[in-house]
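4 protein chains.
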Amino acid sequence: MTKTRLEAFSDAVIAIVITIMVLELKVPHGDTFAALIPVWPVALAYVLSFIYIGIYWNNHHHMLQAAQRVTGTVLWANLHLMFWLSLIPVTTAWMGEAPRATAPAACYGAVLFMAAVAYLILQRTIIATDGEHSVLADAIGRDTKGKISFGLYLAAIGLAWVAPWLSQLLYVLVAGLWLVPDRRIERQLSTGE
Amino acid sequence: MTKTRLEAFSDAVIAIVITIMVLELKVPHGDTFAALIPVWPVALAYVLSFIYIGIYWNNHHHMLQAAQRVTGTVLWANLHLMFWLSLIPVTTAWMGEAPRATAPAACYGAVLFMAAVAYLILQRTIIATDGEHSVLADAIGRDTKGKISFGLYLAAIGLAWVAPWLSQLLYVLVAGLWLVPDRRIERQLSTGE
Amino acid sequence: MTKTRLEAFSDAVIAIVITIMVLELKVPHGDTFAALIPVWPVALAYVLSFIYIGIYWNNHHHMLQAAQRVTGTVLWANLHLMFWLSLIPVTTAWMGEAPRATAPAACYGAVLFMAAVAYLILQRTIIATDGEHSVLADAIGRDTKGKISFGLYLAAIGLAWVAPWLSQLLYVLVAGLWLVPDRRIERQLSTGE
Amino acid sequence: MTKTRLEAFSDAVIAIVITIMVLELKVPHGDTFAALIPVWPVALAYVLSFIYIGIYWNNHHHMLQAAQRVTGTVLWANLHLMFWLSLIPVTTAWMGEAPRATAPAACYGAVLFMAAVAYLILQRTIIATDGEHSVLADAIGRDTKGKISFGLYLAAIGLAWVAPWLSQLLYVLVAGLWLVPDRRIERQLSTGE
Numbered sequence: 479m480t481k482t483r484l485e486a487f488s489d490a491v492i493a494i495v496i497t498i499m500v501l502e503l504k505v506p507h508g509d510t511f512a513a514l515i516p517v518w519p520v521a522l523a524y525v526l527s528f529i530y531i532g533i534y535w536n537n538h539h540h541m542l543q544a545a546q547r548v549t550g551t552v553l554w555a556n557l558h559l560m561f562w563l564s565l566i567p568v569t570t571a572w573m574g575e576a577p578r579a580t581a582p583a584a585c586y587g588a589v590l591f592m593a594a595v596a597y598l599i600l601q602r603t604i605i606a607t608d609g610e611h612s613v614l615a616d617a618i619g620r621d622t623k624g625k626i627s628f629g630l631y632l633a634a635i636g637l638a639w640v641a642p643w644l645s646q647l648l649y650v651l652v653a654g655l656w657l658v659p660d661r662r663i664e665r666q667l668s669t670g671e
Numbered sequence: 479m480t481k482t483r484l485e486a487f488s489d490a491v492i493a494i495v496i497t498i499m500v501l502e503l504k505v506p507h508g509d510t511f512a513a514l515i516p517v518w519p520v521a522l523a524y525v526l527s528f529i530y531i532g533i534y535w536n537n538h539h540h541m542l543q544a545a546q547r548v549t550g551t552v553l554w555a556n557l558h559l560m561f562w563l564s565l566i567p568v569t570t571a572w573m574g575e576a577p578r579a580t581a582p583a584a585c586y587g588a589v590l591f592m593a594a595v596a597y598l599i600l601q602r603t604i605i606a607t608d609g610e611h612s613v614l615a616d617a618i619g620r621d622t623k624g625k626i627s628f629g630l631y632l633a634a635i636g637l638a639w640v641a642p643w644l645s646q647l648l649y650v651l652v653a654g655l656w657l658v659p660d661r662r663i664e665r666q667l668s669t670g671e
Numbered sequence: 479m480t481k482t483r484l485e486a487f488s489d490a491v492i493a494i495v496i497t498i499m500v501l502e503l504k505v506p507h508g509d510t511f512a513a514l515i516p517v518w519p520v521a522l523a524y525v526l527s528f529i530y531i532g533i534y535w536n537n538h539h540h541m542l543q544a545a546q547r548v549t550g551t552v553l554w555a556n557l558h559l560m561f562w563l564s565l566i567p568v569t570t571a572w573m574g575e576a577p578r579a580t581a582p583a584a585c586y587g588a589v590l591f592m593a594a595v596a597y598l599i600l601q602r603t604i605i606a607t608d609g610e611h612s613v614l615a616d617a618i619g620r621d622t623k624g625k626i627s628f629g630l631y632l633a634a635i636g637l638a639w640v641a642p643w644l645s646q647l648l649y650v651l652v653a654g655l656w657l658v659p660d661r662r663i664e665r666q667l668s669t670g671e
Numbered sequence: 479m480t481k482t483r484l485e486a487f488s489d490a491v492i493a494i495v496i497t498i499m500v501l502e503l504k505v506p507h508g509d510t511f512a513a514l515i516p517v518w519p520v521a522l523a524y525v526l527s528f529i530y531i532g533i534y535w536n537n538h539h540h541m542l543q544a545a546q547r548v549t550g551t552v553l554w555a556n557l558h559l560m561f562w563l564s565l566i567p568v569t570t571a572w573m574g575e576a577p578r579a580t581a582p583a584a585c586y587g588a589v590l591f592m593a594a595v596a597y598l599i600l601q602r603t604i605i606a607t608d609g610e611h612s613v614l615a616d617a618i619g620r621d622t623k624g625k626i627s628f629g630l631y632l633a634a635i636g637l638a639w640v641a642p643w644l645s646q647l648l649y650v651l652v653a654g655l656w657l658v659p660d661r662r663i664e665r666q667l668s669t670g671e
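One line per chain: the protein sequences are A, B, C and D, in this order. First residue of the first sequence? That's 479 in our numbering, and the numbers climb one at a time after it. First residue of the second sequence? That's 479 in our numbering, and the numbers climb one at a time after it. First residue of the third sequence? That's 479 in our numbering, and the numbers climb one at a time after it. First residue of the fourth sequence? That's 479 in our numbering, and the numbers climb one at a time after it.
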């Protein structure tokens, strides 16, 4: 079945993206604990992005479990999501290096926003492909969490001009919101089995 | 079955190639939006190559689905394709750094041309291995798109001496031509099921 | 089944972590055998970490074989383990560059300690998920080796302030302790088949 | 079955190793064709190593197909092989940078030699695990090609002190010898089916 290969490819890309970020964590200059201090903001940005990519992997995992058919359009919608996810390491590194600047904080949010858009497109594509009996459509429901996230991302991007730390706080908030995996789909799947 | 492992290996290589390119996207120097301007041509080259590798992954995916047997010769023809694909990140970075120069634009096209040759060899190898009942042979048909691409690549390489942006325009054109996944194989497979 | 995809993702992350460390092994400066001398401590640190990650892969492999159900909580416990494993290359490089300093030796141990904690959490999560008929719980038994390791890691971190080479000796010792794969689970599984 | 996961892990490591080498191929300094000239020896070394790793992947693929059981010892013998393969990119880059020096040419051969030793150990381990009905043992036969390779590697390492290009010639020769995939195992497997 073709779904297996789509999952394998996505797993590989997400695994690479999540570990590529480690390469941005430079070996500290010097051999004392004091040498760890400048690494701090980068490390925090790395943890946040690790959680984001983890959330995407978890939800992607559940979404594809619910998907019934994989077409060329689904493959491209998936690649589009991978594209935005693969930009997270570079925006993470930029925000980690200049944690108090407007541009990095706004760009970090813009990439997260586009990743969320790409996720939504993939979701819609799978539902449209599966048709009216879509397990995914039932599982998603009204997607309140998704809608709130979009609003928070936009607010965070705007707040980058006011105070970058406010944007960063919102990024942490959205991550917290999603840290709970999508139990709705999980429940739907296990009752359907 | 051995086909699974060939697919898994190819998926891993393609996933790495597509994300290695991200590493070429350097963190901008400076913390303002102005710092993003010099990154622009590299980012555009990255998007184009991402689409190319996406196309290869999609078509490779469909081609292997149609393949019936995997021999040592098929494995090597596949590795040969992986070799040329793995050169795309470095030519992408070169063209992104010097978007108006002849050599990078010509080399970018030369690697794409060789990848197309390697794809054709793999296709022929699979058809020869599967013999007269090859699902792939029926699915490919006259391969007009393939023939046009070869012509456009050669034209683009030549035009690099005239005006690199003309070559780049042709690279975008060929990508556009292939962005539509190979519905011929998909149709063939679903009717054959 | 969802377990397959969890394994595939973990394999990919562990494979990337183990090979990312190679990138830290710089090409020697100069073209003589003497140029290899400064590379030596980094190479030794690399070998040690390679063995550690190999141990984690092996035990992770056996643990997941014994796992019966995969829930969202298991996915996150697994990602948490991946997080700490992905920090090993950077602490390895730091300790390799400054083998006689306190901070790198202590940090190397701290990351190993946290990875061990994450492993334990994953184990507990799987057992709690599988419930009273857990194959894993029977296989683990009293986990003496695990308890000894925690003690040795803490001792090693403390000793980094006394003599870093003592810490490093303890890291080698713990690795030796685990090099024997978890035959308990293997036995349990093969008798259960 | 556990063999699947061993294959998946090996595929991932080999795929990463083969593409990590690309990272050593630096973007040329300058935007003319002349800028490609200093890249030449590195590119040739890269092609040779690509073929070597391709050979290992192919033969590893066939060997594991013939393997019947996977134990902890097999896992470690496999990791040991992965260790030596993961050193190929760094020795390749060194030999590519200093193609006329003794030390890089000798080290390149030493890593190939150790990889061959690790391969042999893995083979023996699998045969010992499978016992007297081992499909692999029948397929390997007297392993003349393997024995010749060991001799040629040793000769090449020695010749690095006489003339590095002679060593490099021998490395090309051994690669040529193995480029033909292991048809013996393939034949054995297809008759056994």
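Virtual Cβ for every residue (Gly too), placed ideally from N, Cα, C.
Residue i, DSSP secondary structure in three states
i, result
"D616(A)", "helix"
"V495(D)", "helix"
"G508(A)", "coil"
"A521(D)", "helix"
"G670(B)", "With a pLDDT of 46 at G670(B), under the threshold of 50, the modelled position of that residue is not reliable, and no figure is offered here."
"Q430(C)", "There is no way to answer for residue 430(C), as the model of chain C reaches only from 479 to 671."
"R578(C)", "coil"
"W639(B)", "coil"
"L557(C)", "helix"
"T549(B)", "coil"
"P621(C)", "The question names Pro, yet the displayed sequence has Asp at residue 621(C). If DSSP states are grouped into helix, strand and coil, D621(C) belongs with coil."
"L503(D)", "coil"
"L484(D)", "helix"
"L598(D)", "helix"
"L565(D)", "coil"
Neighbour flag for residue i against chain A, beta carbons, 8 angstroms
i, result
"V640(C)", "no"
"I496(B)", "yes"
"L478(B)", "In the structure displayed, chain B extends from 479 to 671; residue 478(B) sits before or after that span and is not available."
"I500(B)", "Residue identity check: residue 500(B) is Val in the sequence provided, not Ile. Output row for V500(B): interface = yes."
"A523(C)", "no"
Contacting residues, own chain, Cβ-Cβ under 6 angstroms from residue i (five flanking each side not counted)
i, result
"I529(C)", "A653"
"A544(C)", "V613, L614, A617, I663"
"I533(C)", "W656"
"T569(D)", "C585, Y586, V589"
"P582(D)", "W572, M573, A576"
"I599(A)", "A555"
"M564(A)", "According to the sequence provided, residue 564(A) is Ser. The question's Met does not apply to it. The residues are V495."
Contact with chain D by residue i, beta-carbon distance below 8 angstroms
i, result
"V568(B)", "yes"
"D509(C)", "yes"
"S645(B)", "no"
"S627(B)", "no"
"L514(B)", "no"
Beta-carbon contacts of residue i that lie in its chain and below 7 angstroms, excluding the five residues immediately before and after
i, result
"L553(B)", "L484"
Any chain C beta carbon closer than 8 angstroms to residue i
i, result
"T607(D)", "no"
"W518(A)", "no"
"G670(D)", "Residue placement at G670(D) is flagged as unreliable, the pLDDT there being 46, under the threshold of 50; the coordinate-derived value follows with that caveat. Output row for G670(D): interface = no."
"V613(A)", "no"
"K623(A)", "no"
Own chain residues within Cβ distance below 8 angstroms of residue i, not counting five before or after
i, result
"A513(C)", "P506, H507"
"L651(B)", "L630"
Cutoff 8 angstroms: residue i Cβ touching any chain B Cβ
i, result
"L480(A)", "The sequence given here has Thr at residue 480(A), not Leu. Output row for T480(A): interface = yes."
"V652(A)", "no"
task: Using a Cβ-Cβ cut-off of less than 7 angstroms, list which residues of the region 538-554 of chain B approach chain A; keep chain order.
output: H539, Q543
**Study point:** Interface residues of the region 569-597 of chain C facing chain A [CB-CB below 7 angstroms]
**Key:** A571, W572, E575, A576, A579, A581, P582
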